[in-house]
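Below is one structure, written out as structure tokens, with a few remarks after it.
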Amino acid sequence: MKTSPPAGWWFEIETSAGNFSARITARGLAELRFPGERAPKATGTDAPPAALIILRTTVAALRAAIAGTPHSKLPPLDWGGATTFQQSVWRELQRIGPGCTRSYGGIAARLRKPGAARAVGAACGANPVPVLVPCHRVLAADGGLGGFSGGLEWKRRLLAAEGVAAAATAK
DNA sequence: GACAGATGAAGGA
DNA sequence: TCCTTCATCTGTC
Numbered sequence: 132m133k134t135s136p137p138a139g140w141w142f143e144i145e146t147s148a149g150n151f152s153a154r155i156t157a158r159g160l161a162e163l164r165f166p167g168e169r170a171p172k173a174t175g176t177d178a179p180p181a182a183l184i185i186l187r188t189t190v191a192a193l194r195a196a197i198a199g200t201p202h203s204k205l206p207p208l209d210w211g212g213a214t215t216f217q218q219s220v221w222r223e224l225q226r227i228g229p230g231c232t233r234s235y236g237g238i239a240a241r242l243r244k245p246g247a248a249r250a251v252g253a254a255c256g257a258n259p260v261p262v263l264v265p266c267h268r269v270l271a272a273d274g275g276l277g278g279f280s281g282g283l284e285w286k287r288r289l290l291a292a293e294g295v296a297a298a299a300t301a302k
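Heads up, the final residue of the first sequence is numbered 302 in our numbering, and it's a clean run with no missing numbers.
Here it is as structure tokens:
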């Protein structure tokens, strides 16, 4: 693995839930970090217009997601480096509508890999763009929260915004 | 090749 | 009914 810094520009996005950090490349949104997470200093001042357009779409989609209102347009996503399995999981996540949930096993079954629920969980954990790729809509088979890269509190919060009453009994 | 993980199901108390 | 254990599948080192 190379140690060179990732390509793209970092932006800070203000929302009602705090300041998110986003890394945007020429190809799309590559990474999104929750408020409080460590992120490089914003470097977007010298970003090209194309990146700013992606940023604008990202901001709108992010704020809509936090408010629990369906967003019709997502920014292009830069999944460079992700495995095909991860990408198929993330694509499946994007098909889950607002207010709907699936189980890890359910996602695995839809990918024609019943039994790969644990691998789906791992792919969710590797999701670089939480919130917009709704890994928070994936619950454990028993209705429990399972896990979340940004913390269970965020998962519960995002689900609540969409009107989903999660079992909320984190193991 | 070995190990770890955001699961799920089965069996026992 | 709850708890523990094991099987399953994939990604990472």
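Virtual Cβ for every residue (Gly too), placed ideally from N, Cα, C.
All of these numbers come straight from a predicted model, not from anything done at the bench.
**Top-ranked residue by Cα proximity to A248, from P261, G236 and A254** = Residue numbering aside, residue 248 sits at position 117 when the first sequence is read from its first letter. Nearest option by C-alpha distance: G236.
**Message:** Output needed for K172: all residues of its chain with C-beta closer than 8 Å, excluding positions within five of it in sequence on either side, in chain order.
**Reply:** One-based indexing of the first sequence puts residue 172 at position 41. W141, listed in sequence order.
**Request:** Under the assumption that I227 contacts P201 (Cβ atoms under 8 Å), give the Cβ distance between them as a whole number of angstroms.
**Result:** Residue mapping note: residue 227 aligns to position 96 of the first sequence, counting from 1. Residue mapping note: residue 201 aligns to position 70 of the first sequence, counting from 1. So it is not a contact: roughly 12 Å between Cβ atoms.
**Request:** Give the range of the alpha helix (DSSP H) segment to which L283 is assigned.
**Result:** The residue you call residue 283 lines up with position 152 of the first sequence. Per DSSP, L283 belongs to the alpha helix (DSSP H) from L283 to A292.
**Item:** Distance, P207 Cα to G139 Cα
**Value:** Along the first sequence, one-based indexing puts residue 139 at 8. Along the first sequence, one-based indexing puts residue 207 at 76. If you take the alpha carbons of G139 and P207, they lie about 14 Å apart.
**Request:** Take R288 and list the residues in its own chain whose beta-carbon comes closer than 8 Å to its own, dropping the five residues that flank it on each side.
**Result:** Counting from one through the first sequence, the residue named residue 288 turns up at place 157. So the qualifying residues of the chain are A148.
**Request:** Can you tell me which of the three DSSP states R243 falls into?
**Result:** Start at 1 with the first residue of the first sequence, and residue 243 comes out as number 112. The answer is coil: DSSP assigns R243 none of H, G, I, E or B.
**Burial state of Q217, where buried means 16 or more other Cβ atoms lie within 10 Å** = As a first step, residue 217 is located in the first sequence; it is residue number 86 there, counting from the start. It is buried - the Cβ of Q217 has at least 16 other Cβ atoms within 10 Å.
**Asked** Cα-Cα, which of A196, A240 and E223 is closest to C255?
**Response** The residue you call residue 255 lines up with position 124 of the first sequence. C255 has its Cα closest to that of E223, out of A196, A240 and E223.
**Prompt:** Distance, Cα to Cα, A181 vs A272?
**Reply:** Here residue 181 refers to the residue found at position 50 when the first sequence is read from its first residue. Here residue 272 refers to the residue found at position 141 when the first sequence is read from its first residue. Cα to Cα, A181 sits roughly 41 Å from A272.
**Prompt:** For G212, which of helix, strand or coil comes out of DSSP?
**Reply:** Locating residue 212 in the first sequence gives position 81, counting from the first residue. The answer is coil: DSSP assigns G212 none of H, G, I, E or B.
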